[in-house]
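Have a look at the structure below before the remarks.
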Amino acid sequence: MLDTYVKTLATENDFRGLGLFYKEIGDYLIILKSDLDEVLVEIRTGLRDEIMPAGVGEKLSLIAEDETINDCLIKKASIMLTFGLDGLSSEEVGNYISDIVDVLNEHLIPAYYECELCKETNLDSETNIIKINNRILRAHNTCYEYLLNKVNEKEEMPEGNYVSGIFGGLIFGALGTIPWILAGLFGWIISLLGMVIGLSANYGYNRFGGKQGKSKASILISITVVMVILASFTTSTFRIAEDLSSQGTGNIGLLDSIRVTIYVLLNNSSFGTAFMSNTGLGVVFALMGSWRVIKENSGQAAIRNVQAEILE
Ligand SMILES: [Zn+2]
0 MLDTYVKTLA
10 TENDFRGLGL
20 FYKEIGDYLI
30 ILKSDLDEVL
40 VEIRTGLRDE
50 IMPAGVGEKL
60 SLIAEDETIN
70 DCLIKKASIM
80 LTFGLDGLSS
90 EEVGNYISDI
100 VDVLNEHLIP
110 AYYECELCKE
120 TNLDSETNII
130 KINNRILRAH
140 NTCYEYLLNK
150 VNEKEEMPEG
160 NYVSGIFGGL
170 IFGALGTIPW
180 ILAGLFGWII
190 SLLGMVIGLS
200 ANYGYNRFGG
210 KQGKSKASIL
220 ISITVVMVIL
230 ASFTTSTFRI
240 AEDLSSQGTG
250 NIGLLDSIRV
260 TIYVLLNNSS
270 FGTAFMSNTG
280 LGVVFALMGS
290 WRVIKENSGQ
300 AAIRNVQAEI
310 LE
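Letter by letter, the sequence shown follows residues 0 to 311 in numbering that gives the first Met the number 0.
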């Protein structure tokens with residue numbers, strides 16, 4: 000019912016498209032569609048960060064006084080007009096649209112004219128009106144092709160899985176602790192090296208085909224935190240073992256060194272505090288250094304679901 004009504008309104012007002020209708024008046028892009036149980040007309044302008052002038056708002060509130068209209072309001076760079084099934088005749092819809100376009104022109108509101116993919120306003124090269132996930136927009140042909148390529152690339156990529164990702168993250172996370180531990184052997188505590196651990200774990204995760212899903216970030220954060228703690232603990236163990244042997248206790252075994260380290264950490268408060276602050280700082284650096292990379296890759300799953308088509 001609603002769809003038939005919207006279709007009639009579209010045909011009689013020279014809209015183009017199927018299901019999601021659009022047309023341009025001047026360079027304003029007008030979109031007509033059914034939205035739940037309402038008809039939605041969107042008049043998209045090229046307004047960016049500026050605010051719609053009060054004069055436009057006044058005109059809209061006049062239109063909104065029509066009882067058959069549910070809403071007529073400004074939403075970001077768009078003007079939204081909604082009404083119910085059979086609320087307005089095709090002619091009335093056309094008149095309201097041209098009224099709104101007139102008031103936009105009157106207030107010199109910039110038209111909708113930028114490529115939404117590269118955000119450039121220079122549309123001298125060829126453009127198309129395209130539909131991406133139910134949103135109509137105008138974009139350069141080249142930008143659209145670039146997007147399509149990216150989508151195809153992602154679709155051809157195997158989806159990956161978490162188990163192999165965790166495996167790779169652990170291996171490379173452990174390898175990433177080497178600089179930290181080496182520095183510790185020379186007596187330096189360089190928390191900044193936590194970054195290497197985070198980046199390395201991320202590399203291993205991707206290298207082993209880890210799934211680029213929602214849980215990736217929390218998996219990598221956990222691996223990184225554990226690895227930083229391990230690196231810090233290993234460094235402490237070396238230092239304590241070194242201390243002990245320099246005090247003439249001779250070389251003690253690995254297990255004993257670990258036992259002593261845990262004992263010292265728990266019972267020597269200044270050693271414990273130093274350990275905590277070094278490790279904490281290491282974690283902070285690790286996450287700061289790798290967060291951007293982790294997040295960047297995690298988003299790749301989203302592009303897989305992009306549905307894009309050229310309308311004209
Ligand atoms: Zn572009």
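Ideal placement from N, C-alpha and C gives every residue a C-beta, glycine not left out. This structure is a prediction, so every number in the text was calculated from the model and none was measured.
Kindly indicate which three-state DSSP category residue i falls into: helix, strand or coil?
{"i": "A273", "result": "helix"}
{"i": "R43", "result": "strand"}
{"i": "I131", "result": "strand"}
{"i": "A76", "result": "coil"}
{"i": "D65", "result": "coil"}
{"i": "E90", "result": "helix"}
{"i": "I309", "result": "strand"}
{"i": "F185", "result": "coil"}
{"i": "S268", "result": "helix"}
{"i": "L198", "result": "helix"}
{"i": "E241", "result": "helix"}
{"i": "P178", "result": "helix"}
{"i": "I116", "result": "Checking the sequence shown, residue 116 turns out to be Leu, not Ile. Correct three-state label for L116: coil."}
{"i": "E158", "result": "coil"}
{"i": "I251", "result": "coil"}
{"i": "E57", "result": "helix"}
{"i": "M287", "result": "helix"}
{"i": "I50", "result": "coil"}
With hydrogens ignored, establish whether the beta-carbon of residue i is closer than 6 Å to any heavy atom of ligand 1.
{"i": "C142", "result": "yes"}
{"i": "L314", "result": "This structure cannot speak to residue 314, because the chain is shown only from 0 to 311."}
{"i": "H139", "result": "yes"}
Rounded to whole angstroms, what is the Cα-Cα separation between residue i and residue j?
{"i": "G18", "j": "S214", "result": "36 Å"}
{"i": "S289", "j": "K153", "result": "22 Å"}
{"i": "G83", "j": "F207", "result": "53 Å"}
{"i": "A182", "j": "G168", "result": "22 Å"}
{"i": "N132", "j": "G45", "result": "21 Å"}
{"i": "M194", "j": "I239", "result": "25 Å"}
{"i": "V92", "j": "E23", "result": "15 Å"}
{"i": "N127", "j": "P178", "result": "52 Å"}
{"i": "M287", "j": "H139", "result": "36 Å"}
{"i": "I309", "j": "V40", "result": "21 Å"}
{"i": "Y262", "j": "S235", "result": "12 Å"}
{"i": "T141", "j": "D34", "result": "31 Å"}
{"i": "M51", "j": "E105", "result": "12 Å"}
{"i": "I188", "j": "N205", "result": "29 Å"}
{"i": "L229", "j": "L191", "result": "15 Å"}
{"i": "L1", "j": "I29", "result": "19 Å"}
{"i": "L280", "j": "L219", "result": "17 Å"}
{"i": "D98", "j": "V162", "result": "59 Å"}
{"i": "I108", "j": "D85", "result": "31 Å"}
{"i": "G212", "j": "I180", "result": "31 Å"}
DSSP beta-bridge partners for residue i?
{"i": "G16", "result": "F20"}
{"i": "I29", "result": "K22 and I42"}
{"i": "E37", "result": "D34"}
{"i": "R137", "result": "I128"}
{"i": "F82", "result": "V38 and I68"}
{"i": "A110", "result": "T44"}
Worksheet entry | At least 3 beta-carbon pairs within less than 8 Å: the segment 52-71 vs the segment 6-13 | Verdict: no, contact absent.
Worksheet item: When the Cβ atoms of the segment 140-151 are set against those of the segment 65-79, are three or more pairs found closer than 8 Å?
Response: As far as the Cβ criterion goes, the segment 140-151 does not touch the segment 65-79, which means the pair count is below three.
Item to complete: Report yes or no: do the segment 241-259 and the segment 171-179 share at least 3 C-beta pairs separated by less than 8 Å?
Response: Touching, no, given that fewer than three Cβ pairs across the two stretches are closer than 8 Å.
Item to complete: Report yes or no: do three or more beta-carbon pairs, one from the segment 197-205 and one from the segment 260-279, lie closer than 8 Å?
Response: At 8 Å Cβ cutoff, the stretches do not touch.
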